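Asker: Mind the numbering: the sequence shown is residues 30 to 178 in our numbering, read in order. Sharing a structure below in structure tokens format, with a few things to ask.
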Amino acid sequence: MFSVSKRRSLVMAGLAYAILSALPGCATLQPEESEKWRESQRPVLKARAEARWGALIKGDIENAYTYTTPEYRAVVNLQQYKGKYGRVVDWRGARVVDISYDVPTVATVSVEVTYRVDLPGTGGELIETQKAISEKWIYKNREWWYTSN
30 MFSVSKRRSL VMAGLAYAIL SALPGCATLQ PEESEKWRES QRPVLKARAE
80 ARWGALIKGD IENAYTYTTP EYRAVVNLQQ YKGKYGRVVD WRGARVVDIS
130 YDVPTVATVS VEVTYRVDLP GTGGELIETQ KAISEKWIYK NREWWYTSN
């Protein structure tokens, strides 16, 4: 029979093995063609898309830029990206209304944006309106990234 200290060591080793074995499953699911994967990613993707739009609404273009793919950022620098988002449109709000998956690692996110714009012929009056926008997001390196359509 094992001594008390030897049994304690074996129990601790078994417990450590059980915990370490369970960790990969807790971290993140691997992309797969399943409802479990899609449902697990919807809140993650929704949060990232709304955070990106939150940055655009605040005029924090630098933060919005961080949601673009690393490949995009390797080609388009921050100054070029800032030039793409002038303040002609006054973004007022955005909310994700739908997420659909083209494949497990590519999703189309439909965002309803509310904005104000100064249209010619309105005497400088800002017109507020809403529009649905479809965005492509890709999953790479365990993260969802916005990609220009």
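All C-beta atoms in this analysis are idealised placements derived from N, C-alpha and C, irrespective of residue type, glycine included. This one's a predicted model, so the numbers in the text were calculated from it and none came from an experiment.
Taking 8 Å as the threshold, find out whether the segment 138 to 146 comes into contact with the segment 73 to 89 through three or more Cβ pairs.
Answerer: Yes: the two stretches touch, three or more of their Cβ pairs being nearer than 8 Å.
Asker: Starting from L107, follow the alpha helix (DSSP H) in both directions and report where the run begins and ends.
Answerer: Here the question's residue 107 lines up with position 78 in the sequence shown. First-last of the alpha helix (DSSP H) with L107: 107 to 113.
Asker: Provide the residue(s) that pair with K87 in DSSP beta bridges, ordered along the chain.
Answerer: Taking the first residue of the sequence shown as position 1, residue 87 is located at position 58. In the DSSP output, where bridge partners are listed per residue, K87 has none listed.
Asker: Is Y96 helix, strand or coil when you go by DSSP?
Answerer: Looking up residue 96 in the sequence shown gives position 67. Of the three classes helix, strand and coil, the one that applies to Y96 here is coil, per DSSP.
Asker: I think L107 touches Y96, with their Cβ atoms under 8 Å apart; what is that distance to the nearest whole Å?
Answerer: What you label residue 107 is simply residue 78 of the sequence shown in a count that begins at 1. What you label residue 96 is simply residue 67 of the sequence shown in a count that begins at 1. The pair is not a contact, with the Cβ atoms about 13 Å apart (cut-off 8 Å).
Asker: So what does E157 bridge to, in DSSP terms?
Answerer: What you label residue 157 is simply residue 128 of the sequence shown in a count that begins at 1. DSSP lists R145 as partners of E157.
Asker: Hey, would you say the C-beta of K169 is under 7 Å away from at least one heavy atom of the ligand HEM?
Answerer: As presented, the structure is devoid of all ligands, the ligand HEM included, so that no description of it is given.
Asker: Cα-Cα, which of Y110, R171, Q70 is closest to E91?
Answerer: As a first step, residue 91 must be located in the sequence shown, where it is residue number 62. Of the candidates Y110, R171, Q70, the one whose C-alpha sits nearest the C-alpha of E91 is Y110.
Asker: Near D127, which residues of its chain fall below 7 Å by C-beta distance, leaving aside the five closest residues on each side in sequence?
Answerer: Reading the sequence shown from its first residue, position 98 is the one you call residue 127. Cβ within range, chain order: S139.
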